[in-house]
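Residue numbers -26 to -1, 1 to 299, in mature numbering (1 follows the signal peptide of the UniProt record, and there is no 0), belong to the letters of the sequence shown in order.
The C-beta atom is built at its ideal place from N, Cα and C for all residues, glycine as well.
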Amino acid sequence: MRLKFGFHAPSLALVAIAMLSSSAFAADEAVKVGLVTRTDSNPFFVKLREDAQAYAKTAGAEIVAITGKTHDDAAGQVAAIEDLTALGVKGILVTPSDAEALNDAIAKARAAGILVIALDGRVSPDSAVDATFATDNLQAGVLQGQWVRAALGDTAPRVALVDGTRGTVSTRERHDGFLKGFGLQEGAPEIIAQQNISNQAEAQTALENFFQKDPTINAVYTVYEPAAVSAHAVTSALGLAGKVAIGSIDGSCDGIKAVADGQVGATVVQFPGKMAELGVQAVVDYAKTGAKPSGFIDSGAVLVTDKPFEGITSQDSAWGLKNCW
């Protein structure tokens, strides 16, 4: 059953919506920008939406924001794109929950003259959207992997991998980047445990199982910071605090505080505000001039740690607290 305006009640939570004028765009008319994020339970997506809304006010735009229930709510995102297409927004910004599941809905939106931009993660193929504004997740993974390997020194690595939602490009790229930065091949014997998770509760359970089966694990890759905090909690409970190198990716203020407190060894900061600003401005420019962005635009990634190593560029947690989200 659909709610008014056609949104699917089981899959989506309506954050903000406005009726669209059927008139052509005018100079004094707000540009309608659809924003489809994965979930409201992750501070990253909350920050991205808040910054998009704030920037829209200064850019002559209005955000129509919708969020899915979970990180892997691809069906909900498809429904959102379809409904935004029917509403006639000028552009759609989407943080894809799946690399390919949204492609048909995106193609229909683009055929209707709507600019579609992926934020935070890629779709496959990249050409399915007009452009992608995101962290270079492969490089973010490389930075984490380099630091975790350096933190082990001469100790033989025994690595656990906490990966993200299965099927997303960002999950694969961060994973591959970590292995590259660490110097491991897929399936290497040094990889003791591995699991895909979609929330912190799953991460906590996975990590508890990892260390119960093998308490000799000495390095943990985490796809995002809530999982890294869980890794600290699990290792602390087992008396292993300070004996396991824990790295992550995100750049939330809570994550940076965890680095400052010594719970997490290092994290890689992303910039959701920059993604949001670039995306909104691109839609506004398209509405006014017809110009479209193309390709992949890197929004940046910076390693933050209070335990730096020579040859690995990083900033400290004081810098991180000034630049976190």
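Query                                                                                                                : Result
Buried versus exposed, by CB contacts within 10 Å (16 or more), residue 99                                           : exposed
Own chain partners of residue 255 with C-beta closer than 8 Å, once the 5 adjacent residues on each side are dropped : 29 and 33
Every unbroken alpha helix (DSSP H) inside the stretch 196 to 246 [4 residues or more]                               : 199 to 211 and 227 to 234
Which listed residue (17, 13 and 186) has its alpha carbon closest to that of residue 298                            : 17
Among 13, 107 and 15, nearest to residue 247 - alpha-carbon criterion                                                : 107
Residue 95 beta carbon less than 8 Å from that of residue 15                                                         : no
Sub-8 Å separation of residue 191 and residue 218 beta-carbons                                                       : yes
Whole-angstrom C-beta distance between residue 11 and residue 23, which should lie under 8 Å                         : 6 Å
Rounded straight-line distance, which links the Cα of residue 120 to that of residue 286                             : 7 Å
Contact under 8 Å by Cβ, residue 196 with residue 202                                                                : yes
Sequence-distant residues of the same chain with beta carbon closer than 8 Å to residue 227, five excluded per side  : 295, 298 and 299
Cutoff 7 Å; reference residue 147; Cβ partners in own chain excluding five residues on either side                   : 111, 112 and 115
Rounded straight-line distance, which links the Cα of residue 257 to that of residue 222                             : 32 Å
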